[in-house]
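S.K.: Mapping of the sequence shown onto the UniProt record's numbering: residues 1 to 438, in sequence order. First the structure, which I've put down as C-alpha cells, then a few questions once you've had a look.
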Amino acid sequence: MSATTPAAVPRRPALWLRRPRELWSVAVSLVRMRNATPELAADRVVRRFGLVIGLVGTIAAVLELPEIIVQHRAVPLIWTTITFAVAFGMLPVLAVVSLVAGARLVRAVAGAAALGYLAGMALVMPYYYEIAEAPGLIWAHRLVMIGVLAAAVAWRSWLSVGYLVVTAATPGVALYVMFDDTTVLSVVENITRNAGLCLLFLWCVVHARAAGARVDRESVVAGDRAAAVAGTVARERERARFAVLIHDAVLSTLLDASRSGSTGTSAVLRQQARRTLDQLDATRLFGADTGLLDASSAVGFLRAAVHEVNAGIEFTVHRGGNDSELRMPLSAAGPLAAALAEAVRNSLRHAGVPGRRVRREVTATVGAGGLLLVFQDDGAGFDRSAVPADRLGISASILGRMRQLPGGAGFVESEPGQGTTVTLMWANAGSVDDDREK
Numbered sequence: 001m002s003a004t005t006p007a008a009v010p011r012r013p014a015l016w017l018r019r020p021r022e023l024w025s026v027a028v029s030l031v032r033m034r035n036a037t038p039e040l041a042a043d044r045v046v047r048r049f050g051l052v053i054g055l056v057g058t059i060a061a062v063l064e065l066p067e068i069i070v071q072h073r074a075v076p077l078i079w080t081t082i083t084f085a086v087a088f089g090m091l092p093v094l095a096v097v098s099l100v101a102g103a104r105l106v107r108a109v110a111g112a113a114a115l116g117y118l119a120g121m122a123l124v125m126p127y128y129y130e131i132a133e134a135p136g137l138i139w140a141h142r143l144v145m146i147g148v149l150a151a152a153v154a155w156r157s158w159l160s161v162g163y164l165v166v167t168a169a170t171p172g173v174a175l176y177v178m179f180d181d182t183t184v185l186s187v188v189e190n191i192t193r194n195a196g197l198c199l200l201f202l203w204c205v206v207h208a209r210a211a212g213a214r215v216d217r218e219s220v221v222a223g224d225r226a227a228a229v230a231g232t233v234a235r236e237r238e239r240a241r242f243a244v245l246i247h248d249a250v251l252s253t254l255l256d257a258s259r260s261g262s263t264g265t266s267a268v269l270r271q272q273a274r275r276t277l278d279q280l281d282a283t284r285l286f287g288a289d290t291g292l293l294d295a296s297s298a299v300g301f302l303r304a305a306v307h308e309v310n311a312g313i314e315f316t317v318h319r320g321g322n323d324s325e326l327r328m329p330l331s332a333a334g335p336l337a338a339a340l341a342e343a344v345r346n347s348l349r350h351a352g353v354p355g356r357r358v359r360r361e362v363t364a365t366v367g368a369g370g371l372l373l374v375f376q377d378d379g380a381g382f383d384r385s386a387v388p389a390d391r392l393g394i395s396a397s398i399l400g401r402m403r404q405l406p407g408g409a410g411f412v413e414s415e416p417g418q419g420t421t422v423t424l425m426w427a428n429a430g431s432v433d434d435d436r437e438k
C-alpha cells in the first residue's frame, strides 16, 4: 500500500508581511476617497504645509535624539521618554494625515502637534538644572520653530502669533528665573532672536493660506461672472429669436387674417396659423440654444435665479469628483432655473408662519451626469390634494416645466405644518447613453 502525498496547502504570508500590505491598501483607499471631491486651494495649501512640517519635524527629532540623550543623562528614562513622545509624537502623524485626509483633520493634528511641543517645553522645566549642565542650548529651546509652524497651519493668525510669543519668550524667561546672573538685556535679546526667526516663517505660512483662500474666492466670483454672462447671452438670443418669430410668423399670420375679411378663412391661412402655433409651442418646450455651461457656470446661473427672487436664501453646492465634465445646454438651464425660482416664489408667498422666521435653503449636487436641486423650507406646508386644479404654480410652472425638459424630473413633497421640499433633477442625456453603452 503506497503512501499518499497530501495536497500542498498554500501558505498565507506571515503577519509581519500582511500588515504593511493592509495598511498600504487602506492608505490608497483613503487617498482615492479624498480625490473624489474637488479640493479648495486653501485646503491644498494646508495639506502641503502639514506634510512638510510633519516630515521636517520628524527628521529634526531624529537628528536631535543624540543631543537629547546627552542632556537627559541625569533625568529618569521614563521622564525623558514621555517628554520626547509628547514634544515630537504628533509630527509623523501629521505627515501621514496630510497625505490621506482632508484639511480639517490636518489642522486638528497640527494643533495637537503645536500643543505637544509646548507641553514638551514645560516637561523640561522640572529637570532644568540637570539638562542645562550639558553643553549647548537646551534642545526644547532650539526647535521652537517647529511648534510655531504647526500652530500656523492649525489656527488663525492671531492665535498663531500668541503661540509664537509664548514659545519665543519661554527660553529667555526660564534663564532669568533659574539663573541669578541672567540680565534683562540678554533675555530681551534671546526673545527677539527667537521671535524674529519664527515670525519670518509664520508670515510665509499665513500669507500662503490667505493666498489660497483668495484664489477660492476669486474662483467663485469668476464662476458667478461667467454664469451671468452666459445668462445674458442666452436672454439676448431668446429675445432675438422671439423677435424674428413674432415678425415672420405671428404678424404675417395676423396681417393675412385681416386681409381675408370676414367672409371666411382660407385653407392656406389655417395652415399658416397652425404652423405658427407649432413654432411657438416648440419654442416653449425646447428652445433653440446650443450654448453649453460648465459646472461652475451652471451653478452660478441657478444661484443667480434664486437670489434674484430673494438674496437671503442659502445656496449650498456639493460637487462630485468628475463635475468638471458637466456640459449643460442653456436650453436646459433656463427651464430648470425657472422651475427653481417658481418654487422659491411659492414658498415666499404661501409658507409664512406667524410668529417665527421660516428657514429656506437650496442644495445643489453637481456631477458629470447632471444636477440635483433640493429646495426646502420649514414653513406652513400644504395638502397637495387640496390644491385647486386651476392653480398652475406647481402643476405647470414647476412640475410641468420639468416634464417637458428632456432629462428632467420634479417632485413636490409637503404636509400641513411640516414644510415643503421641492426636488428638481436634470440628467445629461449624453452621459446616460455612454453609461448604457458601457
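For every residue, glycine included, the Cβ atom is placed at its ideal position computed from N, Cα and C.
From Glu64 to Ala211, what does the alpha carbon distance come to, in whole angstroms?
M.R.: Approximately 34 Å between the Cα atoms of the pair.
S.K.: Taking one C-beta from the segment 134-141 and one from the segment 98-107 each time, how about it: are there three or more such pairs within less than 8 Å?
M.R.: Judged by Cβ distances under 8 Å, the segment 134-141 makes no contact with the segment 98-107, as fewer than three pairs qualify.
S.K.: Straight-line CA distance for Glu413 to Pro329?
M.R.: Spanning the two alpha carbons is a distance of roughly 28 Å.
S.K.: Specify, as a first and last residue, the run of the alpha helix (DSSP H) that Val45 falls within.
M.R.: Segment Ala41 to Gln71, the alpha helix (DSSP H) holding Val45.
S.K.: Quick one: Cα of Phe411 to Cα of Leu399, how far?
M.R.: Rounded to whole angstroms, Phe411 to Leu399 spans 7 Å at the Cα level.
S.K.: With DSSP run on the structure shown, which of helix, strand or coil describes Phe315?
M.R.: Strand.
S.K.: Rounded to whole angstroms, what's the CA-CA distance from His141 to Arg193? Just pull it up for me.
M.R.: Taking the straight line from one Cα to the other gives about 12 Å.
S.K.: Distance, Cα to Cα, Gly355 vs Asn428?
M.R.: Rounded to whole angstroms, Gly355 to Asn428 spans 43 Å at the Cα level.
S.K.: Using a 10 Å radius around the Cβ and a threshold of 16 neighbouring Cβ atoms, would you call Thr81 buried or exposed?
M.R.: So Thr81 counts as exposed.
S.K.: When you compare the segment 203-223 with the segment 163-180, are there three or more beta-carbon pairs, one atom per stretch, that lie closer than 8 Å?
M.R.: In short, these stretches do not touch, since the Cβ pair count stays below three.
S.K.: Helix or strand or just coil, what does DSSP make of Pro416?
M.R.: In this structure, Pro416 counts as coil in the three-state DSSP scheme.
S.K.: Alpha carbon to alpha carbon, how far is Pro416 from Ser385? Give it in angstroms, no decimals.
M.R.: Approximately 11 Å between the Cα atoms of the pair.
S.K.: In or out: Leu302 buried (at least 16 other Cβ within 10 Å) or exposed?
M.R.: Per the 10 Å Cβ criterion, buried.
S.K.: Might you give, ordered along the chain, the residues of its own chain that have their beta carbon closer than 6 Å to the beta carbon of Gly264, omitting 5 neighbours on each side?
M.R.: In this predicted model, Gly264 has a pLDDT of only 49, less than 50, meaning its place in the structure is not dependable enough to derive any value.
S.K.: Check Ala101 in the structure and name its three-state DSSP category.
M.R.: Coil at Ala101, not helix or strand.
S.K.: Report buried or exposed for Glu218, applying the criterion of at least 16 other Cβ atoms within 10 angstroms of its Cβ.
M.R.: The residue is exposed, with fewer than 16 neighbouring Cβ atoms inside 10 Å.
S.K.: If you draw a straight line from the C-alpha of Gly89 to the C-alpha of Arg48, how long is it?
M.R.: The straight-line gap from Cα to Cα measures roughly 19 Å.
S.K.: Would DSSP call Gly367 helix, strand or coil?
M.R.: Of the three classes helix, strand and coil, the one that applies to Gly367 here is strand, per DSSP.
S.K.: Measuring CB to CB, does Val353 end up less than 8 Å from Gly379?
M.R.: Contact flag set, yes.
S.K.: Cutting at 6 Å between CB atoms, please list the residues of its own chain near Ile53, excluding the five before and the five after it.
M.R.: The answer, listed in chain order, is Leu149 and Ala150.
S.K.: Can you tell me whether DSSP reads Gly264 as helix, strand or coil?
M.R.: Here Gly264 scores only 49 on pLDDT, less than 50, and its place in the model should not be relied on; the value that follows carries that caveat. Coil at Gly264, not helix or strand.
S.K.: Please tell me whether Val97 and Gly162 are closer than 8 Å, where the distance is taken between their beta carbons.
M.R.: In this structure, Gly162 does not lie closer than 8 Å to Val97 by Cβ.
S.K.: For Ala427, does the three-state DSSP call read helix, strand or coil?
M.R.: In this structure, Ala427 counts as strand in the three-state DSSP scheme.
S.K.: Do you know offhand how far Asp294's Cα is from Ala122's?
M.R.: Going from the Cα of Asp294 to the Cα of Ala122 covers about 55 Å.
S.K.: Let me know if Asp383 comes out buried or exposed under the rule of 16 or more other beta-carbons within 10 Å of its beta-carbon.
M.R.: With fewer than 16 Cβ atoms within 10 Å of its Cβ, Asp383 is classed as exposed.
S.K.: Can you tell me whether Gly419 is buried or exposed, with buried defined as 16 or more other CB within 10 angstroms of its CB?
M.R.: When all chains shown are included, Gly419 counts as buried.
S.K.: From Val75 to Thr83, what distance separates their C-alpha atoms?
M.R.: Cα to Cα, the separation comes out at about 11 Å.
S.K.: Among the candidates Ala152, Leu292, Ser160 and Ser397, whose CA atom is the shortest distance from the CA of Leu326?
M.R.: Selected option, being the one with the closest Cα: Leu292.
S.K.: Kindly indicate which three-state DSSP category Asp294 falls into: helix, strand or coil?
M.R.: The answer is coil: DSSP assigns Asp294 none of H, G, I, E or B.
S.K.: Going by C-alpha to C-alpha distance, which of Ala333, Ala311 and Val366 sits closest to Val344?
M.R.: With distances taken between Cα atoms, Val344 lies closest to Ala311.
S.K.: Starting from residue 439, trace the alpha helix (DSSP H) both ways and give me its first and last residue.
M.R.: No information on residue 439 is available, as it lies outside the stretch 1 to 438 that the chain covers here.
S.K.: Measure the C-alpha to C-alpha separation of Ala119 and Gly320 and round it to an integer number of angstroms.
M.R.: When rounded, the distance between both Cα atoms is 41 Å.
S.K.: Reducing DSSP to helix, strand and coil, say where Pro329 ends up.
M.R.: Looking at Pro329 - three-state DSSP - the assignment turns out to be strand.
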